[in-house]
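Asks:
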Amino acid sequence: MTLCIYTYKITFEEVPYYYYGVRKQKKENEEYFGTPVTHKWVWELYTPKKQILEIFDYSDEGWIKAQEVEKRLIKPFYNNDPYCLNENVGGFVSLDSLSKLGKKLYETKSGMFSRTKEKWCEDSRKAGKIMGNKHYKNGTGIFSLTEEQKLENCKKGGKIQGHKSKELGTGIFSLTKEEQRENGRKYGKLGGKVVAEKYSKSFSLMSPTGEIVDVKNLTKFCRDNNLTRRNLQAVLRGDRNHHKGWKKCNPRAKVIGVNPIP
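Per the working numbering: the sequence shown = residues 96 to 357.
(1) Let me check one thing: in DSSP terms, what residues is residue 179 bridge-paired to?
(2) Does DSSP classify residue 338 as helix, strand or coil?
(3) Whole angstroms are fine: how far does the CA of residue 179 sit from the CA of residue 172?
(4) Hey, residue 149 and residue 102: beta-carbon distance below 8 angstroms or not?
(5) For residue 105 versus residue 166, is the C-beta distance shorter than 8 angstroms?
(6) So residue 342 and residue 300 are in contact, right, with Cβ under 8 angstroms, and what is the actual spacing, rounded?
(7) What's the gap between the Cα of residue 320 and the Cα of residue 246?
(8) Report the partner residues of residue 118 according to the DSSP bridge assignment.
(9) Which residue or residues does DSSP assign as beta-bridge partners of residue 106?
(10) Given residue 181, which residues of its chain have a CB within under 7 angstroms of its CB, disregarding the five upstream and five downstream residues?
(11) Closest to residue 99 by C-alpha separation, out of 110, 121 and 112, would be which residue?
(12) Grab me the residues of residue 147's own chain with a C-beta within less than 8 angstroms of its C-beta, minus the 5 sequence neighbours each way, in chain order.
(13) Just list the beta strand (DSSP E) runs in the region 273-336, keeping only unbroken ones of 3 residues or longer that don't cross its boundaries, in chain order.
(14) DSSP puts residue 151 in a beta bridge; with which residues?
(15) Where do the N-terminal and C-terminal ends of the alpha helix (DSSP H) with residue 245 fall, by residue?
(16) Report the option in 135, 337 and 283 whose CA atom is closest to the CA atom of residue 112.
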C-alpha cells in the first residue's frame, strides 16, 4: 500500500456531532481520527468513528483537490448546523471562534489590541495602499469594473445601506426633522462653496475708481458688491460698456488686488 491523501468524516457513537477533514498520510495503515483543537472534548468524551470519503494521489495536485472537496463538504453546514464541529474551512474561521479569540486578545491587550490607535490607523493606511496598488496592477477588484458597473454598485450599496439605517434608526434617521434640515443647509452651503471654488472661472474687472480687480466667483462678487449677475455677464461678453461703473478689464492692465472693492 502506498501513501495517499484522503478526505474523511468523523462521527461519534453516542452523539450526533460530526467533523470533516483532509489527511496526508505519514505512514501506512495509520490510525488517525483528526486533530481537533476547539472541540477536543468531544473526542475525549465520546467514541469517534472514521469514514474515508475520497482518495487522492500523494502529490501537490492531489492535496489541492482534496482541500477543495473538503471545502465543498463543510460549507453547506458551516455556521448553520450546531452539530458540525468544523471551526475552519478554506482559511475562514467560524464566527464563534473569532468572537472567543477577540475577547481573549482584548482582555490580555495582545494582538491587534496591543497597538495604539495611531499605530493601528497607520498600519491600516499602509495595508490599504499596498492592496490598492496590487488590484490596480492586476486589474482586479474595483479596477476590473467599468465605470457603468461602478456607478451601478454604488447605487445598490447606497440603497441597501439606506434601508438598513432606516430600520435600525441610525445615521441620518437617528436625527429629528429639524436636525436633518439644519444639516442639509449646513452641508449644502459647504458643498456649494467647494463646487464654486473648483469650477468658477477667473476674470478681471475695472472698478468705478479705476482699480483692476481679479475675480474668481462671479455670483459671490455680485452679491458682495450689490451688482446684478446678468448685467455684469453682459459687460464681460462685450454687450454692455459697463454695469454701475464696473467695466471689462484690458488684459494688458496690471492686476493690483484679489478682493472685490466695496
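Backbone N, C-alpha and C fix where the C-beta goes; we use that ideal spot for every residue, glycine too.
As the structure is a prediction and not an experimental result, all values here were calculated from the model.
Replies: From the atom records:
(1) Under DSSP, residue 179 takes part in a beta bridge, and its partners are 113.
(2) Residue state for residue 338 is assigned as strand, using DSSP reduced to three classes.
(3) Rounded to the nearest whole angstrom, the CA to CA distance from residue 172 to residue 179 is 7 angstroms.
(4) Cβ atoms of residue 149 and residue 102: closer than 8 angstroms.
(5) Going by C-beta atoms, residue 105 is not nearer than 8 angstroms to residue 166.
(6) Indeed they touch by this definition, with Cβ atoms about 7 angstroms apart.
(7) The straight-line gap separating the alpha-carbon atoms of residue 320 and residue 246 is approximately 41 angstroms.
(8) Beta-bridge pairing links residue 118 to 101.
(9) Residue 106 is bridged by DSSP to 113 and 144.
(10) Apart from the 5 residues on each side of it in sequence, residue 181 sits with its Cβ closer than 7 angstroms to the Cβ of 114, 115, 169 and 173 in its chain, given in chain order.
(11) Checked all of 110, 121 and 112; the closest Cα to residue 99 is 121.
(12) For residue 147, the CB contacts under 8 angstroms within the same chain, skipping 5 residues up- and downstream, are 101, 102 and 103 in chain order.
(13) The region 273-336 contains, as complete beta strand (DSSP E) runs of 3+ residues, the segments 298-301 and 307-310 (chain order).
(14) DSSP output for residue 151 lists 100 as bridge partner(s).
(15) From DSSP, the alpha helix (DSSP H) with residue 245 extends over 242-263.
(16) For the residues 135, 337 and 283, the minimum Cα distance to residue 112 belongs to 135.
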